[in-house]
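For the sequence shown, the numbering used here gives the first residue as 800, with consecutive numbering after it. Glycine residues also receive a C-beta, built at the ideal position from the N, C-alpha and C atoms. Everything below concerns the one structure shown next.
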Amino acid sequence: KTAICGTDIHIYKWDEWAQKTIPVPMTTGHEFAGEIVELGSNVIDLQIGDIVSGEGHITCGRCRNCLAGRKHLCPNTIGIGVNRTGCFAEYLSIPAENVFKPSQQISTDLLACFDPYGNAVHTALSFNMVGEDVLITGAGPIGIMAAMVAMHAGARNIVITDLNQYRLDLAKKVAPKVIPINVSKDTITQKFMQDLGIFEGFDVGLEMSGSPHAFGDMLNLMINGGNIAMLAIMPSGSGIDWDQVVFKGLTIKGIYGREIFETWYKGSMMVQSGLPLEDIITHRFHYTDFQKGFDAMLSGESGKVILNWED
800 KTAICGTDIH
810 IYKWDEWAQK
820 TIPVPMTTGH
830 EFAGEIVELG
840 SNVIDLQIGD
850 IVSGEGHITC
860 GRCRNCLAGR
870 KHLCPNTIGI
880 GVNRTGCFAE
890 YLSIPAENVF
900 KPSQQISTDL
910 LACFDPYGNA
920 VHTALSFNMV
930 GEDVLITGAG
940 PIGIMAAMVA
950 MHAGARNIVI
960 TDLNQYRLDL
970 AKKVAPKVIP
980 INVSKDTITQ
990 KFMQDLGIFE
1000 GFDVGLEMSG
1010 SPHAFGDMLN
1020 LMINGGNIAM
1030 LAIMPSGSGI
1040 DWDQVVFKGL
1050 TIKGIYGREI
1060 FETWYKGSMM
1070 VQSGLPLEDI
1080 ITHRFHYTDF
1090 QKGFDAMLSG
1100 ESGKVILNWE
1110 D
């Protein structure tokens, strides 16, 4: 099984980023689950027939961050399906140390989503969630999964904003305690916050939209001393109101990928303890119908889209 990522959409559109990043010809794709069919001679902890997924960032293992256990910050990272051959194929070869084998059985559909789910887990668990009021800007699949993680981890109020009503409805469906706000129609007012018992601002912000306007709104709505985790990438040259950051004493943390492999462990434990990750999957197609999968993603009316590579 493979899943289609927003990165794959950038490559599909062959936008400016893709043109300067992707070597061609190359097989793309980096969200996957499959069965091990061949092992290198020095692999000792995996077996042929194991059902696994894998970390999409291949790191050098020798830099300061890798040696300190911070592989997700390796400056020499090579991305599967971005810098080297990816998973939109019958077979994929990756280093054994990048393989993730869950401790308990998890469906291949879910395992194929563990890469983006890991981004959501890493972002949402960057700061304490228990009893906190959380604002999420951006209700794409990763934003919705972050809302699910925040709810599972004990957040008090979770407000998620977007312009896309389909995705806001999906967020409410998969995480019923989440409060969706369509910012093309409504704004988050002081009265709205006070009705939720939020009198000084949101404790935690998760920026998933890539919208400078949405991020500016988040800065305005944060409590003094609040924490923001940023996964989305802003347009080049975007500015922010630094006075908000300085005078409110805000902490802003950039998120890149997943903590290898702590994020994977926490994510799998939450699934095994009841987080309904499968609800984020809205479309399933055979890989020969990949165009339908990309069309679903491009429509803006989908959660995660799965491609099945079995006959």
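Discussion item. Suppose contacts are defined by Cβ-Cβ distances below 8 Å. Is Leu934 in contact with Gly1015 by that definition?
Written reply: By one-based count along the sequence shown, residue 934 stands at place 135. By one-based count along the sequence shown, residue 1015 stands at place 216. Not a contact, by the Cβ cut-off of 8 Å.
Worksheet entry | Asp940 vs Ile1079 beta-carbon contact at 8 Å | Reading the sequence shown from its first residue, position 141 is the one you call residue 940. Reading the sequence shown from its first residue, position 280 is the one you call residue 1079. Residue identity differs from the one stated: residue 940 is Pro in this sequence, not Asp. Yes, the pair counts as a contact, with Cβ atoms nearer than the cut-off.
Item to complete: Give me the Cβ distance between Gly1102 and Ile957, rounded to the nearest whole Å; I'm assuming they're in contact under 8 Å.
Response: The residue labelled residue 1102 in the question sits at position 303 within the sequence shown. The residue labelled residue 957 in the question sits at position 158 within the sequence shown. Contact doesn't hold; Cβ gap of about 17 Å is too wide.
Fill in: the segment 888 to 899 touching the segment 839 to 854, judged by at least three CB pairs closer than 8 Å
By the criterion of at least three beta-carbon pairs nearer than 8 Å, the segment 888 to 899 is in contact with the segment 839 to 854.
Worksheet item: According to the Cβ coordinates, are Val1104 and Ile803 closer than 8 Å?
Response: As a position in the sequence shown, residue 1104 is number 305, starting the count at 1. As a position in the sequence shown, residue 803 is number 4, starting the count at 1. Contact flag set, yes.
Item to complete: Ignore the nearest five residues each way along the sequence and tell me which others in Glu1100's own chain have a CB closer than 6 Å to its CB.
Response: For the purposes of this step, residue 1100 is taken as the residue at position 301 of the sequence shown. Same-chain partners within the cutoff: Tyr965.
Worksheet item: Per DSSP, which one or two residues make a beta bridge with Ala802?
Response: Your numbering for residue 802 matches position 3 in the sequence shown. Looking at the DSSP assignment, Ala802 forms a beta bridge with Glu830, Ile1105.
Practice prompt. Identify, in the order they occur along the chain, each residue of the same chain with its Cβ nearer than 7 Å to the Cβ of Thr820, setting aside the five sequence neighbours on each side.
Written response: As a position in the sequence shown, residue 820 is number 21, starting the count at 1. The beta carbon of Thr820 is closer than 7 Å to those of Val881 in its chain, skipping five residues each way along the sequence.
Worksheet item: How many angstroms separate the CA atom of Asp1042 from the CA atom of Leu1106?
Response: Position 243 of the sequence shown holds residue 1042. Position 307 of the sequence shown holds residue 1106. Each residue's Cα considered, the two are about 46 Å apart.
Fill in: Extent of the continuous alpha helix (DSSP H) run through Gly1016
As a first step, residue 1016 is located in the sequence shown; it is residue number 217 there, counting from the start. Reading off the sequence, residue 1016 comes out as Asp, not Gly. From DSSP, the alpha helix (DSSP H) with Asp1016 extends over 1011 to 1020.
Discussion item. Is the separation between the beta-carbon of Gly1066 and that of Phe913 shorter than 8 Å?
Written reply: Position 267 of the sequence shown, counted from the start, is the residue given in the question as residue 1066. Position 114 of the sequence shown, counted from the start, is the residue given in the question as residue 913. Contact: yes.
Worksheet item: Which stretch, first to last residue, makes up the beta strand (DSSP E) that contains Arg1083?
Response: Here residue 1083 corresponds to residue number 284 of the sequence shown, with the count starting at 1. Arg1083: member of the beta strand (DSSP E) spanning 1080 to 1085, first to last residue.
Worksheet item: Which same chain residues, not among the five before or five after His1085, have their C-beta less than 6 Å away from its C-beta?
Response: Within the sequence shown, residue 1085 is the residue found at index 286, counting from 1. So the qualifying residues of the chain are Asn1107.
Practice prompt. Measure the CB-CB distance between Thr884 and Lys870 and report whether it falls below 8 Å.
Written response: Start at 1 with the first residue of the sequence shown, and residue 884 comes out as number 85. Start at 1 with the first residue of the sequence shown, and residue 870 comes out as number 71. At the C-beta level, Thr884 and Lys870 stay beyond 8 Å of one another.
Practice prompt. May I ask you to verify whether the segment 836 to 850 touches the segment 1037 to 1051, counting CB pairs closer than 8 Å and requiring at least 3?
Written response: In short, these stretches do not touch, since the Cβ pair count stays below three.
Worksheet item: Does DSSP put Ala938 in a helix, a strand or coil?
Response: As a working mapping, residue 938 is identified with position 139 in the sequence shown. Ala938 falls in the coil class under three-state DSSP.
Worksheet entry | For Ile943, three-class secondary structure by DSSP | The sequence position of residue 943 within the sequence shown is 144, counting from 1. If DSSP states are grouped into helix, strand and coil, Ile943 belongs with the helices.
Discussion item. In whole angstroms, give me the CA-to-CA distance for Gly828 and Leu891.
Written reply: Taking the sequence shown and counting its residues from 1, the one referred to as residue 828 is at position 29. Taking the sequence shown and counting its residues from 1, the one referred to as residue 891 is at position 92. If I take the Cα positions, the gap works out to 10 Å.
Discussion item. List, from N- to C-terminal side, the alpha helix (DSSP H) runs of 4 residues or more that fit wholly inside the segment 849 to 920.
Written reply: Fully enclosed alpha helix (DSSP H) runs of 4 or longer: 863 to 866, 907 to 910.
Discussion item. Tell me the rounded alpha-carbon separation between Glu1061 and Asp807.
Written reply: Here residue 1061 corresponds to residue number 262 of the sequence shown, with the count starting at 1. Here residue 807 corresponds to residue number 8 of the sequence shown, with the count starting at 1. Going from the Cα of Glu1061 to the Cα of Asp807 covers about 25 Å.
Item to complete: Would you tell me roughly how many angstroms separate the C-alpha atoms of Gly1017 and Lys984, rounded to the nearest one?
Response: In the sequence shown, the residue the question calls residue 1017 occupies position 218. In the sequence shown, the residue the question calls residue 984 occupies position 185. Note that residue 1017 is Met in the sequence shown, not Gly. Distance between the alpha carbons of Met1017 and Lys984: 17 Å.
Worksheet item: Just curious, the beta strand (DSSP E) that Gly1004 is in, first and last residue?
Response: In the sequence shown, the residue the question calls residue 1004 occupies position 205. Here the beta strand (DSSP E) through Gly1004 covers 1001 to 1006.
Worksheet entry | Beta-carbon gap between Ile879 and Ile893 smaller than 8 Å | Counting from 1 along the sequence shown, the entry for residue 879 is found at position 80. Counting from 1 along the sequence shown, the entry for residue 893 is found at position 94. Contact flag set, yes.
Worksheet item: What alpha helix (DSSP H) runs, 4 residues minimum, are completely inside the segment 952 to 1000?
Response: Runs of the alpha helix (DSSP H) inside the segment 952 to 1000: 964 to 973, 989 to 994.
Fill in: Counted within 10 angstroms of its Cβ, other Cβ atoms place Val977 as buried (16 or more) or exposed
Position 178 of the sequence shown, counted from the first residue, corresponds to residue 977. Under this definition Val977 is a buried residue.
Fill in: Cβ contact check for the segment 907 to 927 and the segment 860 to 867: 3 or more pairs under 8 Å
The segment 907 to 927, when compared against the segment 860 to 867, does not touch it at the 8 Å Cβ threshold.
Fill in: Nearest residue (CA-CA) to Glu931, options Ala952, Ala938, Ile980
Locating residue 931 in the sequence shown gives position 132, counting from the first residue. Measuring from the Cα of Glu931, the nearest candidate turns out to be Ala952.
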